[in-house]
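The structure appears below as structure tokens.
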Amino acid sequence: CLYKGMEQKALKKLSQSELQLHLRSLRTNEILKTVAAFCHLYPERLKIRDDSGPGVISAELLVHDQGLRGEMTSRIALKIGPSEPLPLVQPRSIARYLARASNNLGLLGKGATEEALVEELMAMAIEGIGESDDISKLTDLATKSTFLGSTSGPRLGDLAVYAALHPLVSGKKGAYDALPAPLMRWFDFIQHHHAFDAKTRPLALVPIARPPSPFFSSSSSSTSTTKPAKEVKGGKEEKSKKQQADSKTTTTTTTTATSGKKKGKGGDADAKKAAKKAAKKAKLEAEAKARAAKEIGRVDFRVGLIEDVATNESDNTLFVSQVDVGALGKKQVVSRLGGFVPIEEMKGRKVILIVNLEDAEFGGKKSQGRIMCGTGKENKSKKSLVAVPAKAKVGERVAFKGAEGIEADPVLKDKRLRPVLKKLKVAAGTALYSDLAFATTAGPCTCPGITDGTIA
-11 CLYKGMEQKA LKKLSQSELQ LHLRSLRTNE ILKTVAAFCH LYPERLKIRD
39 DSGPGVISAE LLVHDQGLRG EMTSRIALKI GPSEPLPLVQ PRSIARYLAR
89 ASNNLGLLGK GATEEALVEE LMAMAIEGIG ESDDISKLTD LATKSTFLGS
139 TSGPRLGDLA VYAALHPLVS GKKGAYDALP APLMRWFDFI QHHHAFDAKT
189 RPLALVPIAR PPSPFFSSSS SSTSTTKPAK EVKGGKEEKS KKQQADSKTT
239 TTTTTTATSG KKKGKGGDAD AKKAAKKAAK KAKLEAEAKA RAAKEIGRVD
289 FRVGLIEDVA TNESDNTLFV SQVDVGALGK KQVVSRLGGF VPIEEMKGRK
339 VILIVNLEDA EFGGKKSQGR IMCGTGKENK SKKSLVAVPA KAKVGERVAF
389 KGAEGIEADP VLKDKRLRPV LKKLKVAAGT ALYSDLAFAT TAGPCTCPGI
439 TDGTIA
């Protein structure tokens, strides 16, 4: 549905990576247009086009900047592309800017919890919704509140997910079973939101089919209008009343006789109920552990050795490290540790780093991983690199109990990394994912100087 007008021959010529890049651009295009339309910045005051090259979207915003305190000019050229990771070039940054520029700050979320959820939902929408885990999470959010995680109004996450799900729902012609019922209710509510102008809405309204109701069938209505006949002739009515009284007496006697048996069996029933409850709890715990193992197993944590490190010329808070990762070769990693960790403590040190992230760029330098560092819970300025046992092998993969046999993703998507980062922590000086220790062949990893805190 997203490949509007593209011929089958043209699609077949694209490689898998090119196909994903084009698909991501098209999704992002629809998301930004939806946000702009909701903010009444489209199309008269916003131009979005995808003719700047494969995977690149250009957006020109023709409105005076109100949300960023005049730091930018009234005419702003914004570009999205994997090769330009600068401020206001990522889709989420542009969406936030549109919300601020239109003075619609409610879209950003109220409080840290909502803001974090908005970020997570936008990342999910941009990367593509389709896995059962994503649909389950969205359905759960739609069940608990009017909007996704909010009861007071839609957020950027709602608009992004709506735009990402639109091809799926429209492809099934609005069938009520295209998505779970709570999610379909939410989708229909968003598409009819009063903030969308009928003339400028970028996505067409999808007529939602409704399931037939069992309460209004022809058979039930005809039955309800039929009145029971009443016996009035002769002594039939009195006889009927006597039979009803005898029946009630018999029922009461039977109930009294069986109540004693039920009391006698009450202990067995309670035991069975408790056993069933315990079995259900054990099953849920096992499923939760399996999900956690799959989640952490996607991330490729490795032991690396920093062979050289230097301060970035344009930003002295950035350290550019050359890290040996054994069989995976050398990797350049940029870390914002200046002012927290002395640079002389970096060189020659073993560290833990994530190696299956997409390449990024910070301060004009390419970064091919992420070095793990702990932060104190009480003192946020206290930071310490995750320490590796001296005998741990360079290049070995960090293990987590229960996730040993799970293969890491070749390239870890942002939406897969975020939930993991939220569960990384330091407890009693040990580096943990949830309650699972960072384990190497030489023992667990620690965080010197930090008793309790977070890891990122």
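For the sequence shown, position 361 matches number 349 in our numbering, and the numbering has no gaps at all. Where a beta carbon is used, it is the ideal one built from N, C-alpha and C, also for glycine.
| Check | Outcome |
| --- | --- |
| Compare the Cα-Cα distances from residue 322 to each of 337, 374, 333 and 299 and report the closest residue. | 299 |
| Starting from residue 401, follow the alpha helix (DSSP H) in both directions and report where the run begins and ends. | From DSSP, residue 401 is part of no alpha helix (DSSP H); its letter is neither H nor E. |
| Which same chain residues end up closer than 8 angstroms to residue 184 when comparing Cβ atoms and leaving out the 5 residues on each side of it in sequence? | 25 and 26 |
| Answer yes if the stretch 331 to 341 comes into contact with the stretch 389 to 401, meaning at least three C-beta pairs across the two stretches below 8 angstroms, and no otherwise. | no |
| Okay, do the stretch 256 to 264 and the stretch 301 to 310 touch, 3+ Cβ pairs below 8 angstroms being the bar? | no |
| In the structure shown, what three-state DSSP assignment does residue 374 receive? | coil |
| Between the beta-carbon of residue 375 and the beta-carbon of residue 428, is there less than 8 angstroms? | no |
| How about the stretch 87 to 102 and the stretch 115 to 129: do they share at least three Cβ pairs that are nearer than 8 angstroms? | no |
| Give the secondary structure of residue 107 by DSSP, where H, G and I count as helix, E and B as strand, and everything else as coil. | helix |
| Quick check: the Cα distance between residue 413 and residue 424, rounded to an integer number of angstroms? | 10 angstroms |
| Less than 8 angstroms separating the beta-carbons of residue 420 and residue 287? | no |
| Quick test of your reading: residue 292 and residue 382, contact by CB under 8 angstroms. State the CB separation rounded to the nearest angstrom. | 7 angstroms |
| Would the stretch 128 to 145 and the stretch 103 to 110 be scored as touching if the rule is three or more Cβ pairs under 8 angstroms? | yes |
| Can you tell me the Cα-Cα spacing of residue 346 and residue 175, whole angstroms? | 32 angstroms |
| Excluding the 5 residues preceding and the 5 following residue 57 in the sequence, name in chain order all residues of the same chain whose CB lies nearer than 6 angstroms to its CB. | Reliability of the predicted coordinates at residue 57 is poor, the pLDDT of 33 falling under 50, and the value obtained from them is presented with this limitation in mind. Taken in chain order, the list of residues that qualify is empty. |
| Let me know the secondary structure DSSP gives residue 441 once reduced to three states. | strand |
| Between the C-alpha atoms of residue 330 and residue 402, what's the straight-line distance to the nearest angstrom? | 29 angstroms |
| Enumerate, from N- to C-terminal direction, the unbroken beta strand (DSSP E) stretches of 3 or more residues contained entirely within the stretch 294 to 344. | 307 to 312, 318 to 323 and 338 to 342 |
| So if DSSP puts residue 418 in a beta bridge, which residue, or which two residues, is it bridged to? | 415 and 434 |
| With the cut-off set at 8 angstroms, would you say residue 152 and residue 284 are in Cβ contact? | no |
| Report the rounded CA-to-CA distance for residue 294 versus residue 358, giving the unit in angstroms. | 13 angstroms |
| Residue 367 to residue 437, Cα distance in whole Å? | 11 angstroms |
| Give me the Cβ distance between residue 441 and residue 351, rounded to the nearest whole Å; I'm assuming they're in contact under 8 angstroms. | Not really, about 26 angstroms apart at Cβ, beyond 8 angstroms. |
| From residue 432 to residue 167, what does the alpha carbon distance come to, in whole angstroms? | 44 angstroms |
| For the ligand NAD, is there a heavy atom less than 7 angstroms away from the beta-carbon of residue 104? | Annotation note on the ligand NAD: not contained in the displayed structure, which lists no ligands. |
| So what's residue 349 in DSSP terms, helix, strand or just coil? | strand |
| Nearest CA to the CA of residue 372: which residue from 327, 353, 269 and 395? | 327 |
| Taking the CB atoms as reference points, tell me whether residue 15 and residue 114 lie closer together than 8 angstroms. | yes |
| Determine, for residue 373, whether the minimum Cβ-Cβ distance to residues of chain C falls below 8 angstroms. | Within the model displayed, chain C is absent; a lone protein chain is all it includes. |
| Could you check if residue 21 is buried or exposed, using at least 16 other CB atoms within 10 Å of its CB as the buried criterion? | buried |
| Can you have a look at residue 319 and say buried or exposed, based on whether 16 or more other CB atoms are within 10 angstroms of its CB? | buried |
| Which residue from 158, 99 and 181 puts its Cα closest to that of residue 134? | 181 |
| Is residue 29 buried or exposed, if buried means 16 or more other CB atoms sit within 10 Å of its CB? | buried |
| Could you give the residue range of the beta strand (DSSP E) that holds residue 188? | No beta strand (DSSP E) contains residue 188, which DSSP labels as neither H nor E. |
| Under 6 angstroms Cβ to Cβ from residue 361, same chain only, skipping five residues before and after it: list those, please. | 371 and 373 |
| By the 10 Å Cβ neighbour count, where 16 or more other Cβ atoms means buried, how is residue 43 classified, buried or exposed? | Any reading at residue 43 must be qualified, since the residue scores a pLDDT of 47, below 50, and its modelled position is unreliable; no value is offered. |
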